[in-house]
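Residue numbers (the UniProt record's numbering), protein chains in the order written: chain A, 1 to 331; chain B, 1 to 331.
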């Protein structure tokens, strides 16, 4: 059995390019005792993978050069010597960036028995959905009276944050990077949308959208977005920090906002979090989210690239604003 | 009765200068019914007064031009038509920057009945002491196992933070701006001192002092100190943000650290606070602190300027690193 897989062959400086990656064909052995052969059907590309390409200690080890990349994926067991995973079992796992692989099962999770397209377990019912849900319900406790500002609001996490916040009764201000994305998040029911590429002054745009000030800033971006949020935050505001994508491709240090003193004078709470810490909430999350979806209260948007050969383009596209909702690769 | 008082006559750009202030003599009326005449004996100058000189909405109203400044002070009632404050009563209040004033008593607090020099109620037993104590016990919960980094460690707040942290059993790394101050904080028992003006790379100095990483950064300074702390913080580190003095005199926006993404990847909590919110803890604080002082476990250092005419120099001196411990003006 042949498997195609993508290796990282050099560490990107700035925006990654195709040259940083290489497609490699390997031959898989037959699955041994207790092992299964998994054929991947969908894989995820996510912004957090970019910092993993830097050789630096972090909450997750850096990607190694000349080894296959890793990332969330969905697959189907096509050969099995493990009774926990009979042939035909649909599984989620972190062995993306390859067409198939051998597993002893310890890294596989059988997909929950919910009648939805399987790729949703990489998006709204997977890591991005859990990130949005945990950020609003576990990291902070979102209140009905909150006005919330969401950056990267059309992304996999942001678009779910907007919808959960609306479900909770909040006023939601969304920031996106194109008019098309603005239409998309408007359709999700947000109260105001800012196309940050079209405004001269993000603080003024935010003040106009939220003259009452903002109580929560869901931080996906950093930089100017954080600066504007700090300017417009109300006292005791909360900033769950999910990511800071604006800095991920910086080839030299990019200075932070000049108004961090507002953290002090406005008595703000800035709280970094990583979804891994909330994996034990997955059953609670998935039950809630599946209900919302069944009731039509949460909608999922996907941007799909086709074939492993296009996975690198899909990944780079994350930083070029090419996705609405979850960026996926159909294998 | 004449009173001398200091007015703010122009808003400083950058470091304040004597020209921003004016000394004015006024004549006080005799105290009316229910009123008292207070003669100030000590006044406090504090870094937070600098941002109050900017005409900007904040947790405390900005100082008004051509009006007398305000600030913590200690005084003695020398004429009284109010039985709550007989002649001779020692009081603390916010009507500093003047030699005497008339009060109806609503803004006066009778000094606690503790046998200590009265000016301690402007320092270790006053606002700076409460700030240090609340920051370590209410804003975060300092644990014995914590390694804590304290910036502006020789200041009124920082020097108390260092000592409370040592009392709690923590390893304490202090940053100061002169060798003399380094000697002072060493004598307080801290485990390592960095004279930040003498090191090329604050991050490396901090890593050397705390190879195990830091769990808490008590933020008084901002800028490079925050950047170094973020670099060296352990996962789940906590940053109580008491102030950011490095930016107070900036005459143009000074960019923040370029490594704020560590808030996300290290899952840090950055928590701004203002001592006003902890005034209801004052009795608990003062009982605890007075005990520690009586047992010789907390030492107080003071830097004293003499006379209201030198109050402006004392205030400016705060930003020139001229104080060890509490900066006071003896009237």
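A virtual CB, placed ideally from N, CA and C, is assigned to each residue, including glycine.
Neighbours of residue 256 of chain B in chain A, taken as residues at a C-beta separation under 7 angstroms, are given in chain order as 255, 256, 257, 258 and 260. Listed by position along chain A, the residues whose Cβ is nearer than 7 angstroms to that of residue 270 of chain B are 263 and 270. Residue 217 of chain B is outside the set of residues whose beta carbon lies under 8 angstroms from a beta carbon in chain A.
At a cut-off of 8 angstroms, the C-beta of residue 62 of chain B has no neighbouring C-beta in chain A.
Ranked by Cα distance from residue 80 of chain B, the options B:45, B:91, B:15 and B:34 are led by B:34. At a C-beta separation below 8 angstroms, residue 222 of chain B has these neighbours in chain A: 260 and 261. CA-to-CA, the gap between residue 5 of chain B and residue 25 of chain B works out to about 6 angstroms. DSSP places residue 4 of chain A outside any alpha helix (DSSP H); the residue lies instead in the beta strand (DSSP E), whose first and last residues are 2–8.
Burial of residue 103 of chain B is indicated by the presence of at least 16 other C-beta atoms within 10 angstroms of its C-beta. Nearest Cα to residue 89 of chain B within the set B:83, B:121, B:76 and B:98: B:76. In the three-state scheme derived from DSSP, where H, G and I count as helix and E and B as strand, residue 35 of chain B is classed as coil. The Cβ atoms of residue 123 of chain A and residue 92 of chain A lie no closer than 8 angstroms to each other.
Contact annotation: residue 177 of chain A and residue 220 of chain A have beta-carbon atoms that are not nearer than 8 angstroms. Assignment of residue 289 of chain A by DSSP, reduced to helix, strand and coil, places it in the helix class. Residue 320 of chain A carries a coil assignment under DSSP once its states are collapsed to helix, strand and coil.
For residue 173 of chain A, the closest C-alpha among the options A:212, A:141 and A:139 is that of A:212.
Inter-residue distance for residue 327 of chain A and residue 47 of chain B is about 49 angstroms (C-alpha atoms, whole angstroms). In the DSSP annotation of this structure, the continuous segment of the beta strand (DSSP E) that includes residue 79 of chain A starts and ends at 73–80. DSSP places residue 179 of chain B in no beta strand (DSSP E) but in the uninterrupted alpha helix (DSSP H) bounded by 179–187.
Of the residues assessed, residue 236 of chain A falls on the exposed side of the cut-off, its CB having fewer than 16 other CB atoms within 10 angstroms. For residue 125 of chain B, the CB contacts under 8 angstroms within the same chain, skipping 5 residues up- and downstream, are 112, 114, 116, 286, 289, 290 and 293 in chain order.
Residue 235 of chain B reaches chain A at 59, counting residues in chain order whose Cβ is nearer than 8 angstroms.
Within chain A, the C-beta atoms nearer than 7 angstroms to that of residue 243 of chain B come from 264, in chain order. With contacts defined as CB atoms closer than 8 angstroms, residue 218 of chain A and residue 270 of chain A fail to qualify as a contacting pair.
Neighbours of residue 273 of chain A across chain B, judged by C-beta separation under 7 angstroms: 267. Annotation: residue 16 of chain B has no Cβ neighbours in chain A at a cutoff of 7 angstroms; minimum Cβ distance is about 17 angstroms. When C-beta distances to chain B are compared with 9 angstroms, every residue of the region 134–155 of chain A stays at or above that value. Going by DSSP, residue 128 of chain B is part of no beta strand (DSSP E) but of the alpha helix (DSSP H) stretching over 127–134. When the Cα atoms are used, residue 74 of chain A and residue 58 of chain B turn out to be separated by approximately 51 angstroms. Its Cα nearest to that of residue 295 of chain A, the residue A:167 stands out among A:254, A:21, A:186 and A:167. Classified as exposed, residue 279 of chain A has fewer than 16 neighbouring CB atoms from the shown chains inside 10 Å of its CB. Contiguous beta strand (DSSP E) elements confined to the region 190–262 of chain A occur at 192–195, 214–218 and 233–241, taking only those with 3 or more residues.
When Cβ-Cβ separations below 8 angstroms define contact, residue 46 of chain B makes no contact with chain A. One finds nothing in chain A with a Cβ atom closer than 8 angstroms to the Cβ of residue 211 of chain B; even the nearest lies about 14 angstroms away. Under the Cβ distance rule, residue 251 of chain B does not count among the residues neighbouring chain A, no pair being separated by less than 8 angstroms. When rounded, the separation of the alpha-carbon atoms in residue 96 of chain A and residue 228 of chain A is 37 angstroms.
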